[in-house]
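Beneath this line is the structure, given in structure tokens, with notes to follow.
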Amino acid sequence: MSSRFDNVPNRRALIDRRGVAERLHALQAKDGAKLRAAGTKELKAALDAGRAEIAARLAEHPSRGHEIAAAGAFLIDQLLRLLWDFTTERLHPNPNPSAAERMVLIAVGGYGRGEMAPHSDIDIGFLAPWKVTGWCEQVIESMLYSLWDMQLKVGHSSRSLDEMVRQSKADVTVRTALLEARYVWGDTALYDEAAARFKAEVQADTARTFIAEKLAEREARHKRMGDSRYVVEPNVKEGKGGLRDLHTLFWIGKYAYNVREPAELVEKGLLTKLEFRQFRRAENFLWAVRCHLHLITGRAEDRLTFDVQREIAERMRYADRPGMSKVERFMRFYFLQAKVVGDLTGVFLAHLDEKFAARGSRFGFPTLWRRPRKLKGFTLDRGRLALPRDDFFREDPVRLIELFQLADLHNLEVHPLAMRAAARDAKLVDEVRDDPRANALFLDVLTSPRNPETVLRWMNEAGVFGRFVPDFGRVVAQMQFDMYHHYTVDEHSIRAIGLLNQIEKGELKDDHPLGTSIFKQIAQRRALYVAVLLHDIAKGRGGDHSILGADVAGRLCPRLGMSPAETETVAWLVRWHLIMSATAFKRDLSDFKTILDFAGQVQSPERLRMLLLLTIVDIRAVGPGVWNGWKRQLLADLYDATEEVLRLGHKQRGRTERIAAKQEELAQLLRWDEARMAAFRKRMTESYWIAEPADVLERNARQIDAAGDAQLSVEAQVYPERGATLVTVYAADHPGLFYRIAGAIHVAGGNIIDARIHTTRDGMALDNFLIQDPLGRPFDEEARLNRIKATIADALANRAKLQDRLKAKPLVRPRAEAFAIEPNVLIDNNASNRFTVVEINARDRPALLFHLAYALFQSKVTIHSAHVATYGERAVDTFYLTDLIGDKIESGGRLKTIERRLLEAATGDGTVAEAA
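In terms of our numbering, the sequence shown opens at residue 126 and continues consecutively.
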């Protein structure tokens, strides 16, 4: 028995090969087709029994990844040997094969390594000495049909030895697959000849090119999968820090150093014994996760999506801890293993560099010509910062920080062996946490005008960052179990620093014109960088991370050498880092009380500028696609309005002056005669003039003018400044108008992000909706705009049964079902002087706004505006309400009824389907 499967206990329980062979031998049938079908049935039964045994073993020992992966390959080996014998002895017997009819069956790829997840493809190859003969073709075809009939996914090839050599030379994928080739059954002498020819004719003297190709392949794969080890839905096989990265190391080791087993990497000096143990532990864990994934999904699924993370955490027996759920603990361990894979990759590549790279150039790195002289005792090794001796850090642990400060200052890479030494000696940094020099160097890196993001990431990967700032160490590899955050907390914070640096350098001025222009006015630049680093530092501790984080900032900033004033600013920014986005996205910015309350909280223009920049980078660092033009506009509106209040105090213009200014601006845009303009002014209420910006006023005025006496007019036009489409409905006002429009927009495929509801003095409704498609982009195709207009018109004329069409719409985010979100209704009569503000937090689901609006219609209240913010699977919908005569809703009993109806609508318990 191959030593490869020695770690699989009780192999006969997986498959009793002798028993199956005897049953196959006893089979009788009239013709070959029936005999093959009977044999396949017997083998399928053995396969199912073996798979059930593997699943039972994984359930009993959920973290034995190596054993389960090897058991899968062992089972397939035995089935292939049985099938080979059955095919060549019973179906296509050939008692005296000629020399040309010799053939060998080999396992290639992952199966060749002797590792298989339950639903992995089976990669096999048939080798013949020369051209494949007719008998060989019959055997191959018959075996493949049998395997397909067993519902196995097979990757196969049949080649002569010459073809094998030629194709391996031409294609790196073929070469990699054959590098892993392993004998399964057939002619052993032919296998030995093939292995010898591969080594002599393909492998010899091509290590350099192979390594370069493999590294380029790895680079492209990471880009495709999201170039971070800390994507919260990682791909266990192909993602950064996944199994494929470990395989790449082994392939390169095998190709360049002729190692047969991973353990030989230690003998060749590529990894230390400790690093090899880490390699094995990470590989074992990743295999266990991958096997669970396949069994849960019932297919070859390698993405660790939210809906399976919780189940795998339970299967692998993780438990909840204060501040961290079992799924977050499981994913944290996953990311720590991915980090180990990354560290090992760096060390491994350093050795290859020394052995194979041409003089002066290095794999994947540009050559550096500058040679800075002042390196504080560090040396340069082909353009990279290196250590002069092994105990360099032990002599002075401050050098653990200085290494990264110099790398940043001189724009140098850190040599992987210096990174290895830094990771080994990271614990020494504990001794210098309070050393003023170490803290000053750290602050230099954090607030660097050059490239702080990259250097902080290196520092984090070496483990120095988390030890020097233990509070940061607590959030390393910590994921947040939701669909909003794309990265772990440490990665999110480091990305936010990188974005702040880019805004400061003016590299993002097209995306953030306001942020770029105000950066120059920031007086406390250091405080801003430290606040960005610390804004999420207290996540995962239980309790409000903003309040706990402000305490951390109060302790840490003096240690970093910051003044009391800077410390107070950082603590305030961390404490209130969510207030600006919450106000901008969940409140009505045309309600002046919103602005006054926010200004009262912020109190100074300097804090306002810093808070805006912190808010921008926090949202952008969440992940791709989260930032958009609508969010930019809301934050800019809030900033401008608050800046005016803080600058002028109570001297700013009153309500009457603001309305007069808006009307004057509109008159300039429309160029109507005075009588026509006066008639329009008279029809519209004061709140309308305050609520809408001038460009929307102009669009509304032209639409109303064109509609004349018509009872319904629907317009839809792209609104690029807001990154959305503006839909305006002008109709005879009647109860329930708003919920019908909301339902129609959803049926047409739109998401409402903002709505303002107005009634003219002569009883017409004028409702402005900002909508986006499900990917957060404006609707901009003529056909889709027309569909929205037609659907709204149909809904308001009762031409279509709205509830039937709403039921037929599929769930937008099926993965959102993985999250338990308890709906919550907050009613606030202090947030506005004129309206009752109701905020609903709930799981985002199709037509949520429609269901909530219908509940409010049943409650007999008037909706004046609606604001929708979405955070992954969580939606926050805010309504500004009055009773039917336009007053705030003060009665406790009435508010209780509204709360109950909204909770029912948010959970989906309400009888909303009857609405339409």
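All C-beta atoms in this analysis are idealised placements derived from N, C-alpha and C, irrespective of residue type, glycine included.
- Remark: C-beta atoms of R684 and N564 approach each other more closely than 8 Å.
- A straight line joining the alpha-carbon of E363 with that of G164 spans about 36 Å.
- Per DSSP, reduced to three states, the secondary structure at E964 is strand.
- For the alpha helix (DSSP H) assignment, the uninterrupted runs of no fewer than 4 residues enclosed by the segment 593 to 643 are, from N- to C-terminal side, 595 to 598, 614 to 629.
- In the structure shown, W697 falls within a helical segment according to DSSP collapsed to helix, strand and coil.
- For N876, the three-state secondary structure derived from DSSP is strand.
- The count of Cβ pairs closer than 8 Å, one atom from the segment 999 to 1018 and one from the segment 901 to 913, stays below three, leaving the stretches out of contact.
- Sixteen is the threshold: since fewer than 16 other Cβ atoms of the shown chains lie within 10 Å of the Cβ of T334, the residue is exposed.
- Distance between H992 and L624, taken at the CA atoms: about 28 Å.
- The continuous stretches of beta strand (DSSP E) do not include V770, which lies in the alpha helix (DSSP H) extending over residues 754 to 773.
- In the three-state reduction of the DSSP assignment, Y443 falls in the coil class, being assigned neither a helical nor a strand state.
- Counted as a single uninterrupted DSSP element, the beta strand (DSSP E) harbouring V852 occupies residues 849 to 857.
- In summary, S990 is buried, with 16 or more beta-carbon neighbours lying within 10 Å of its beta-carbon over all protein chains present.
- Per the DSSP secondary-structure output, M449 pairs in a beta bridge with R446.
- For the pair L633 and S715, the Cα-to-Cα distance works out to about 28 Å.
- Judged by beta-carbon spacing, R865 lies beyond the 8 Å limit of L910, meaning their Cβ atoms are not closer than that value.
- Per DSSP, the continuous beta strand (DSSP E) segment holding H992 begins and ends at 987 to 996.
- Only residues of its own chain outside the window of five on either side were considered, and among them Q836, L837, G888, M889, A890 have a CB closer than 8 Å to the CB of A857, listed in chain order.
- Relative to S245, the option among D555, W255, C261, I193 whose CA is nearest is I193.
- Cβ atoms of G234 and D248 come within 8 Å of each other, at about 4 Å.
- Using a Cβ-Cβ distance cut-off of 8 Å, the segment 780 to 793 and the segment 661 to 670 are not in contact, since fewer than three pairs of beta carbons, one from each stretch, lie closer than that value.
- By the beta-carbon neighbour count (other beta carbons within 10 angstroms, threshold 16), L773 is exposed.
- For M889, the enclosing beta strand (DSSP E) stretches over residues 889 to 897.
- Boundaries of the beta strand (DSSP E) around D1002: 999 to 1007.
- Counting only residues of its own chain and dropping the five nearest sequence neighbours on each side, T572 has a CB closer than 6 Å to the CB of R651, Y654.
- When the Cα atoms are used, L737 and H660 turn out to be separated by approximately 13 Å.
- A distance below 8 Å separates the beta carbons of L760 and T740.
- In this structure, the straight-line span from the alpha carbon of I917 to that of I815 is close to 27 Å.
- According to the DSSP assignment, I179 belongs to the alpha helix (DSSP H) that extends over 157 to 185.
- The residue among L183, R824, L525, F863 with its C-alpha nearest the C-alpha of R562 is L525.
- In the three-state reduction of the DSSP assignment, Q836 falls in the coil class.
- Residue state for I647 is assigned as coil, using DSSP reduced to three classes.
- Its chain contains E305, A306, R307 as the residues whose beta carbon lies nearer than 6 Å to that of G237, once the 5 sequence neighbours on both sides are disregarded; these appear in chain order.
- Cβ neighbours of L658 within its own chain (closer than 7 Å, five residues either side excluded): L571, S618, I622.
- Taking 8 Å as the cut-off, the beta carbon of R912 is found no closer than this to the beta carbon of A880.
- When C-alpha distances from S223 are compared across L303, A724, D312, the shortest belongs to D312.
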